[in-house]
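First comes the structure, then the notes that go with it.
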């Protein structure tokens, strides 16, 4: 299968740093996306990794290790508006078809 | 700004009604679009891949005759839920890749359509 695993829920404090992990089956891997989805809304693109290493974009960073089938999304200086679900999505095989994880619901508390 | 437009945002209708949802790519041509369904507290599930000028490719378990997909132009794909029933109530979302076949381009999503069948 193309199992994508990520924690279902996390809680973190405003101003803190939180890391959301994602593991996936490595066979057929062709890239990994992170999306943010607020309740009742469509997902919005955050980051893309296809090579090993860290990609930084403002307060958000994403890391990939292809050999380990592992990625994480790092959110710094958390704000209340960061409360949302974070979806790990992997391209397997086909160059456009994306498989989504169940998403990690992050709650930021004061 | 938005690169994919989806319409309508909300639909509430009686059981047995057919509902059409439109997905448009704005300012770019999308030979391929994707239709997803998301039930509460669940992940996005790919229903089908919409291909311009040819038949859609459906995922296992998705009924072709119930979820009709038409991709008649390079900027428009439609999903028609035929004879909808309460169990079809869900959040339907389309997406398109701006880079054509480029794997390094993310999929951009429409705003979604919340379908409620009474």
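Protein chains in written order, with this note's numbering: chain G, 1 to 110; chain L, 111 to 228. Note that beta-carbon positions come from the ideal geometry of N, C-alpha and C, so glycine has one too.
Residue i, DSSP secondary structure in three states
i: residue 81/G; result: helix
i: residue 198/L; result: helix
i: residue 154/L; result: coil
i: residue 193/L; result: coil
i: residue 5/G; result: strand
i: residue 101/G; result: coil
i: residue 25/G; result: coil
i: residue 184/L; result: coil
i: residue 173/L; result: coil
i: residue 76/G; result: coil
Integer-rounded CB distance, given that residue j should sit under 8 Å from residue i
i: residue 120/L; j: residue 204/L; result: The pair is not a contact, with the Cβ atoms about 15 Å apart (cut-off 8 Å).
i: residue 191/L; j: residue 128/L; result: 7 Å
i: residue 106/G; j: residue 12/G; result: 7 Å
Identity of the residue in the options nearest residue i by Cα
i: residue 88/G; options: 104/G, 81/G, 97/G; result: 104/G
i: residue 186/L; options: 123/L, 137/L, 129/L; result: 137/L
i: residue 61/G; options: 68/G, 14/G, 72/G; result: 72/G
i: residue 114/L; options: 124/L, 176/L, 152/L, 142/L; result: 142/L
i: residue 193/L; options: 184/L, 140/L, 199/L, 176/L; result: 176/L
i: residue 30/G; options: 69/G, 76/G, 38/G; result: 69/G
i: residue 82/G; options: 48/G, 19/G, 25/G; result: 19/G
i: residue 25/G; options: 108/G, 92/G, 46/G; result: 92/G
i: residue 150/L; options: 117/L, 207/L, 174/L, 199/L; result: 199/L
i: residue 148/L; options: 197/L, 201/L, 178/L; result: 201/L
Fill in: Interface positions of the region 27–42 of chain G facing chain L (Cβ-Cβ less than 9 Å), listed along the chain
30, 31, 33, 35, 37, 40, 41, 42
Discussion item. Tell me which residues of the region 163–188 of chain L have at least one Cβ-Cβ distance to chain G shorter than 8 Å, keeping chain order.
Written reply: none
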